[in-house]
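Just so you know, the working numbering puts 380 at position 396 of the sequence shown, and the rest follows in order with no gaps.
Please read the structure below before turning to the comments.
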Amino acid sequence: MLPGHTMRIAHFVSGFPVLSETFVLDEIQAFAKEGFDNIVVSLRPAQKGREDPLVDLPEDRSAKDLNLVKVLYPDRALTPLGSVEISCREENPKRKSLASIQFELIASGFRFPWELPKLLITASRIGRCADSLEKLGIDHCHAHFAHYPADLAWGCSRLLGVTCSCNAHSYDLWNYQAHKRQRVQAADQVFPISHLNRQHLLQYLPEKSDSGEKILVIHCGIHLEDYPFNPEDSKEPEDPPILLGVGRLVDTKGFADLILAGKNLASQGIRHEIQIIGEGPERLNLEKLAAQNSHEWSTVRFFGALPHSLVRQHQQRASLAVQPCCPGKNGLDGIPVVLMEAMALGTPVISTRFAGIPELIEHRHEGLLVEPASPSQLAEAIGNVLSDPSLRQTFVHRARKKIEDQFNAQKNYRQKALLIKELLRKETCNPV
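Here it is as structure tokens:
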């Protein structure tokens, strides 16, 4: 890159913008603050009637705040395989042919036939998408998720001869196997959000590779200024206590265990209200379970999906934030951002020893952890925290410090932006 050149990065996501994926906007904003121009590539089309995605951006994360040049929707440009070859503006030995890229991607799906249709669609998007990105002067491709967005980013980067990186969260990493080894080996940087994910990714690298530099854990984080610390000693306690669960209504969130734990608490004479915020395929089953286990001392309320500002209000009012994540058909969870938010606000947290959660909450230090899928242990933990004000105070102050030190979005995402900036600097110095 020449001096004064403004670096341009393409961010590959599943959809844009997505209400529950504030971390995507936060990361793009961090790149903007480091001087990058940002282009978003969204695999899903804009919602019908909302052709301009920028109108859905939060006020404090506007297109200007994000240095957002353009949002591309490659679904509008599907082409027959091999039908598009972009013209090389200059000779670049790192460029690969479109046909070879598509063949490699599709061939990886034969061992995982249930993934093959999506791989075919992804392969058909590469040519036109890369052509659009070249016209925009892209320097780097970065995927925010480690499945199909990463495949498209990989394909475009190979066709353009530019560097590539990807994040690795949970569902995207554990539930999609086709092309995973090739993605990890071809990427210039991989950013798992937990040490558990990093250990999983290491198996896909050659034994003698320098994985220490290539696969780096960078936790998701939150903007601390959006979550003012308000420990419970400075607010009125709720009566009855509110047990808050937030997340998509899928089996891995464990909300069924929260409902069953509520019945256990009620049978012990502990009055409470369970509030569940989120939508998903398990809603009807959860509502039925709540009705079957109803008790006059245990109220369960479903709020559906809410704007982030309203979720925050519920988090501030809650007596406890409870995220009983567990194994399920949706695979592993990551490190739930809603737990970080509650910890930053000063709301005590209870969760499970599952996925990357112990990296966020050390048992009996920032909160309590129980075994997954154990309503009885969950009820006992809730009862212990509700009955001990001094324990709650100890937890919330330690929890806030943990977020400030390790899960600070501005600090963590800036680190990622600086790593990409250094990668591009080295690429300029050593172009071949």
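For each residue, glycine too, the CB sits at the ideal point set by N, CA and C.
Do residue j and residue i have their beta-carbon atoms positioned less than 9 Å apart in this structure?
i: G351; j: V333; result: yes
i: I226; j: N392; result: no
i: H124; j: N159; result: no
i: F96; j: I404; result: no
i: A365; j: M327; result: no
i: H126; j: H256; result: no
i: A171; j: S92; result: no
i: G318; j: G288; result: no
i: L143; j: K54; result: no
i: R28; j: F7; result: no
i: Y397; j: I202; result: yes
i: L407; j: S149; result: yes
What are the boundary residues of the alpha helix (DSSP H) that residue i is part of?
i: D135; result: 132 to 144
i: E293; result: First, the amino acid is wrong: residue 293 is Ser here, not Glu. Element bounds for S293: 292 to 301.
i: D372; result: Premise fails: D372 is in no alpha helix (DSSP H) and is neither H nor E.
i: N214; result: Element bounds for N214: n/a, residue is neither H nor E.
i: N248; result: 239 to 251
i: E406; result: 393 to 413
i: K17; result: 6 to 17
Taking its Cβ as the centre, do 16 or more other Cβ atoms sit within 10 Å of residue i, making it buried, or is it exposed?
i: F20; result: buried
i: W98; result: exposed
i: R45; result: buried
i: A401; result: buried
i: C309; result: buried
i: D237; result: Reading off the sequence, residue 237 comes out as Lys, not Asp. Buried.
i: D135; result: buried
i: D115; result: buried
i: C413; result: exposed
i: L268; result: exposed
i: F94; result: exposed
i: T147; result: buried
i: Q276; result: exposed
i: P185; result: Note that residue 185 is Leu in the sequence shown, not Pro. Buried, because 16 or more other Cβ atoms sit within 10 Å of the Cβ of L185.
i: K164; result: buried
Between which two residues does the beta strand (DSSP E) carrying residue i extend?
i: V333; result: 333 to 336
i: H163; result: Careful: H163 lies outside any beta strand (DSSP E) and carries neither H nor E.
i: D115; result: Where D115 is concerned, there is no enclosing beta strand (DSSP E), although the alpha helix (DSSP H) it sits in stretches over 100 to 119.
i: H124; result: 124 to 127
i: N22; result: 21 to 26
i: I226; result: 226 to 230
i: I260; result: 256 to 261
i: N181; result: No beta strand (DSSP E) contains N181, which is instead part of the alpha helix (DSSP H) from 179 to 186.
Exercise. Determine contact between the stretch 289 to 302 and the stretch 265 to 276, defined as no fewer than three beta-carbon pairs at a distance below 8 Å.
Key: In short, these stretches do not touch, since the Cβ pair count stays below three.
Quiz item: Counting pairs of beta carbons, one from the stretch 347 to 363 and one from the stretch 234 to 254, are three or more of them closer than 8 Å?
Solution: yes
Quiz item: Would the stretch 101 to 109 and the stretch 173 to 180 be scored as touching if the rule is three or more Cβ pairs under 8 Å?
Solution: no
Quiz item: Between the stretch 146 to 166 and the stretch 23 to 31, do at least 3 Cβ pairs fall closer than 8 Å?
Solution: Counting Cβ pairs under 8 Å, fewer than three are found: no touch.
Quiz item: Taking one C-beta from the stretch 331 to 348 and one from the stretch 258 to 266 each time, how about it: are there three or more such pairs within less than 8 Å?
Solution: The count of Cβ pairs closer than 8 Å, one atom from the stretch 331 to 348 and one from the stretch 258 to 266, stays below three, leaving the stretches out of contact.
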